[in-house]
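Visitor:
Protein chains in written order, with the numbering used here: chain A, 1 to 322; chain B, 323 to 644.
1. Are residue 24 (chain A) and residue 8 (chain A) close, meaning C-beta to C-beta below 8 Å?
2. How would you call residue 154 (chain A), buried or exposed, if buried means at least 16 neighbouring beta carbons within 10 angstroms?
3. So, does the CB of residue 167 (chain A) fall closer than 8 Å to a CB anywhere in chain B?
4. Give me the DSSP bridge partner(s) of residue 409 (chain B).
5. Taking Cβ positions, are residue 226 (chain A) and residue 197 (chain A) nearer each other than 8 Å?
6. Listed from N- to C-terminal order along the chain, which residues in the stretch 122–149 of chain A have their beta-carbon within a distance smaller than 8 Å of any beta-carbon of chain B?
7. Nearest to residue 505 (chain B) by alpha carbon, out of B:515, B:403, B:376 and B:361?
8. Do residue 366 (chain B) and residue 466 (chain B) count as a contact pair if the criterion is CB distance below 8 Å?
9. Going by the CB atoms, is the gap between residue 429 (chain B) and residue 63 (chain A) shorter than 8 Å?
10. According to the Cβ coordinates, are residue 490 (chain B) and residue 472 (chain B) closer than 8 Å?
11. Could you tell me if residue 204 (chain A) is buried or exposed, where buried requires 16 or more neighbouring beta carbons within 10 angstroms of its beta carbon?
12. May I ask which residues mark the beginning and end of the alpha helix (DSSP H) holding residue 346 (chain B)?
13. Run down chain B in chain order and give the residues with a C-beta less than 8 Å from the C-beta of residue 91 (chain A).
14. Under a three-way DSSP split, which group does residue 219 (chain A) fall into?
15. Only counting the same chain, and skipping five residues up and downstream in sequence, which positions put a Cβ closer than 7 Å to that of residue 201 (chain A)?
16. Looking only at its own chain, which residues have a Cβ that is under 6 Å from the Cβ of residue 217 (chain A), when we skip the five neighbours before and after it?
17. Does the stretch 59–73 of chain A come into contact with the stretch 118–136 of chain A, if we say contact requires no fewer than three beta-carbon pairs (one atom in each stretch) closer than 8 Å?
18. Quickly, what does DSSP pair residue 617 (chain B) with across the bridge? List them, please.
19. Look at residue 192 (chain A) and residue 142 (chain A) and say whether their C-beta atoms are less than 8 Å apart.
20. Among residues of its own chain, excluding the 5 on either side of residue 357 (chain B), which ones have a beta-carbon nearer than 6 Å to its beta-carbon?
21. Between which residues of its own chain and residue 424 (chain B) is the CB-CB distance below 8 Å, once the five residues before and five after are set aside?
22. Can you find the residues in the same chain that come closer than 6 Å, C-beta to C-beta, to residue 261 (chain A), ignoring five residues on each side of it along the sequence?
23. Measure the C-alpha to C-alpha separation of residue 264 (chain A) and residue 286 (chain A) and round it to an integer number of angstroms.
24. In chain A, which residues lie less than 9 Å from residue 437 (chain B) when you measure between Cβ atoms?
25. Beta strand (DSSP E) containing residue 48 (chain A): first to last residue?
26. Quick check on this structure: which residue in A:70, A:33 and A:306 has the alpha carbon closest to the alpha carbon of residue 123 (chain A)?
27. Between residue 117 (chain A) and residue 140 (chain A), how many whole angstroms is the CB-CB distance? I'm expecting something under 8 Å.
28. Buried or exposed for residue 254 (chain A), please, with buried defined as at least 16 other CB atoms from any protein chain shown within 10 angstroms of its CB.
29. Quick check on residue 594 (chain B): does DSSP put it in helix, strand or coil?
30. According to DSSP, is residue 646 (chain B) helix, strand or coil?
31. Please name the residue in B:441, B:433 and B:610 whose C-alpha comes closest to that of residue 638 (chain B).
32. Is residue 563 (chain B) near residue 364 (chain B), with beta carbons less than 8 Å apart?
33. Would you mind stating whether residue 521 (chain B) and residue 337 (chain B) have Cβ atoms separated by less than 8 Å?
34. Is any beta-carbon of chain A found at less than 8 Å from that of residue 367 (chain B)?
35. List the endpoints of the continuous beta strand (DSSP E) containing residue 478 (chain B).
36. How long is the line joining the alpha carbons of residue 163 (chain A) and residue 71 (chain A), rounded to whole angstroms?
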């Protein structure tokens with residue numbers, strides 16, 4: 001009996017909006033419970049005393065089907081009563097706080113203060129929201145990514161990304177915990193026992209690199225079947241500062257740069273059909289180079305790309321067994 | 323030229339809803355800026371990570387004319403989007419959190435974390451809301467009142483008051499800071515320079531006693547003209563647990579018990595007309611005992627009682643000058 005696509009046990013590494021698209025596709029294709037997602041928390045921060053985890057919320061809201069379908073983050077049918085009153089208090093308004101979203105932040109803050117881990121809080125929310133996949137923060141202790149900018153010095157990720165709309169020129173990225181994150185045990189266990197690891201088309205520097213900043217996790221990746229999907233198409237990111245950041249840090253903004261970043265543990269790399277002219281070979285240093293339609297607009301696009309990734313994984317597994 | 327009522331410089335000590343009624347009357351009668359209010363913060367607490375100051379909010383919202391006119395606390399025209407979503411997260415719902423009110427708590431929390439004092443935050447809000455009177459927290463450091471209950475042990479004031487609806491039998495009240503509160507310098511200055519101190523008809527044990535838990539403030543009261551209004555009428559509190567608490571702690575629930583609590587520094591005591599049969603004399607240990615209509619339903623009731631208090635103060639001052 002051959003393995004079917006939906007039987008695969010998959011771990012996805014993901015950031016926010018971009019990664020959530022492929023993660024949704026994987027969740028919809030795989031059997032319930034067969035997908036685990038390890039999510040960047042380098043952009044977590046405290047604002048107004050609230051513990052906010054933007055990428056975790058984006059992934060969970062997306063899988064729960066309650067995400068704002070236009071923005072791709074935040075909740076659908078959101079209201080802004082609190083924000084309106086905050087404005088009247090001359091409060092900073094650069095970070096959008098919808099009312100329902102605030103409830104999520106309040107309850108997370110309360111539970112963390114009661115001694116719950118971020119993993120436990122995330123699991124609790126997923127259960128309430130009927131999410132079947134397993135969503136893990138990349139770290140159960142704060143492990144923030146700071147952005148060292150030329151003109152304004154060091155700032156938190158959200159200040160850089162939201163407040164300053166990623167306009168400041170970046171000199172370097174600084175991890176709050178250079179000694180590494182604390183990946184939840186259950187996430188490492190999921191990695192150990194999975195058939196396939198998928199690196200979502202999230203920002204390699206800001207979303208994926210912080211997840212990889214852990215020795216145990218990186219070591220595990222070396223021994224696993226790993227497929228990455230490029231977030232860079234024709235030298236551009238579909239959303240966010242990936243291409244701009246590559247330039248500022250001295251890299252060519254190109255899918256090949258993404259490939260190079262992951263090459264030590266990568267088995268296959270999926271780039272967009274639009275980049276086809278730039279890739280001559282189907283194999284690069286033993287890594288299978290695979291062309292696909294990676295722009296995901298509709299849910300069927302997301303499911304199609306997920307199937308492409310899973311089929312490629314299955315093919316590689318079957319070849320290895322022969 | 324004789325002093326007019328509205329020229330008096332007055333400091334009021336107050337708790338929440340009951341005290342706010344007389345405070346509003348005083349604010350409306352006195353010249354703008356002539357009233358200072360020192361407000362109980364013994365019932366302040368942190369909930370969902372938010373710094374909440376219920377009595378300060380009640381006083382400020384009342385003076386700003388934005389208080390919910392039915393409840394006497396919280397904001398008028400409030401919405402409950404956040405609370406609705408909190409319910410769906412199976413979050414504790416015993417403390418009502420209106421959306422606009424949450425904005426106040428969020429901004430206070432943010433400013434406190436930026437290093438502002440509670441006095442500064444309160445002044446800032448009052449300026450935004452057009453409040454002319456000076457509102458001070460009784461302490462710029464947390465100084466919480468804990469309630470030691472027979473069946474459930476020690477609990478925070480809000481747990482006792484809101485979560486358990488003041489039903490648990492109380493063995494004692496415990497001040498988090500037995501060494502005293504940190505009264506803001508500007509509040510002490512207002513006390514030093516005022517003509518008259520008014521103790522509002524707030525709960526003597528839960529709202530006024532915590533304010534009096536400061537040597538400097540108490541010493542100042544000894545040298546000032548002080549008038550108190552009884553919150554106990556015919557052995558009952560109009561609102562809240564004052565009478566029940568008196569019984570549990572071994573006191574008779576009666577206006578005379580209130581008088582006794584303040585007698586060391588009191589110059590005059592106002593009790594309700596309904597209690598007239600219980601008071602034989604017009605003077606008790608040099609304290610003038612004055613009968614008045616103290617139940618304040620309408621704004622004109624509040625203004626009328628404020629005028630009564632101020633007129634009594636003026637009479638005492640004029641006698642002293644003769």
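Glycine included, every Cβ here is placed at the ideal spot set by N, Cα and C. Values in this document were obtained by computation on a predicted structure and should not be read as measured data.
Guide: On the basis of the data shown:
1. Contact annotation: residue 24 (chain A) and residue 8 (chain A) have beta-carbon atoms that are not nearer than 8 Å.
2. So residue 154 (chain A) ends up on the exposed side.
3. Closer than 8 Å to the CB of residue 167 (chain A) there is not a single CB belonging to chain B.
4. Under DSSP, residue 409 (chain B) shares a beta bridge with no residue.
5. A contact, by the Cβ cut-off of 8 Å.
6. Listed by position along the chain: 125 and 128.
7. Answer by Cα proximity: B:361.
8. Yes. Within cutoff.
9. For residue 63 (chain A) and residue 429 (chain B), no; Cβs fall outside 8 Å.
10. Taking a C-beta distance under 8 Å as the contact criterion, residue 490 (chain B) and residue 472 (chain B) qualify as a contact pair.
11. By the neighbour-count criterion, in which a residue is buried when 16 or more other Cβ atoms sit within 10 angstroms of its Cβ, residue 204 (chain A) is buried.
12. Element bounds for residue 346 (chain B): 339–351.
13. Within chain B, the C-beta atoms nearer than 8 Å to that of residue 91 (chain A) come from 425, 428, 429 and 432, in chain order.
14. Look at residue 219 (chain A) here: in three-state DSSP terms it is helix.
15. Apart from sequence neighbours up to five positions away, the residues of its chain that approach residue 201 (chain A) with a beta-carbon distance below 7 Å are 18, 19, 22, 229, 230, 231 and 294, ordered along the chain.
16. Same-chain partners within the cutoff: 183.
17. Touching, yes, given that three or more Cβ pairs across the two stretches are closer than 8 Å.
18. None, per the DSSP bridge assignment.
19. No Cβ-Cβ contact shorter than 8 Å links residue 192 (chain A) with residue 142 (chain A).
20. Within the same chain, residue 357 (chain B) has close Cβ partners 332, 348, 349 and 455.
21. So the list reads 372 and 404, once near-sequence residues are dropped.
22. When the five nearest sequence neighbours on each side are left out, the beta carbons in the same chain lying within less than 6 Å of the beta carbon of residue 261 (chain A) are those of 204, in order along the chain.
23. Their backbone Cα atoms lie some 10 Å apart in a straight line.
24. Under the 9 Å cutoff, chain A gives no residues; its nearest Cβ is about 14 Å from residue 437 (chain B).
25. No beta strand (DSSP E) holds residue 48 (chain A); DSSP gives it neither H nor E.
26. That would be A:33, whose Cα lies nearest to the Cα of residue 123 (chain A).
27. Contact flag correct, Cβ pair sits at about 5 Å.
28. In the assembly as shown, residue 254 (chain A) is a buried residue. Its beta-carbon has 16 or more other beta-carbons within 10 Å.
29. Three-state result, residue 594 (chain B): strand.
30. Outside the displayed span of chain B (323 to 644) sits residue 646 (chain B), for which this structure offers no information.
31. Here the closest residue by C-alpha is B:610.
32. Result no, Cβ atoms of residue 563 (chain B) and residue 364 (chain B) do not sit closer than 8 Å.
33. The answer is no: Cβ separation not under 8 Å.
34. No, because no Cβ of chain A sits closer than 8 Å to the Cβ of residue 367 (chain B).
35. First-last of the beta strand (DSSP E) with residue 478 (chain B): 475–478.
36. Those two C-alpha atoms are separated by around 17 Å.
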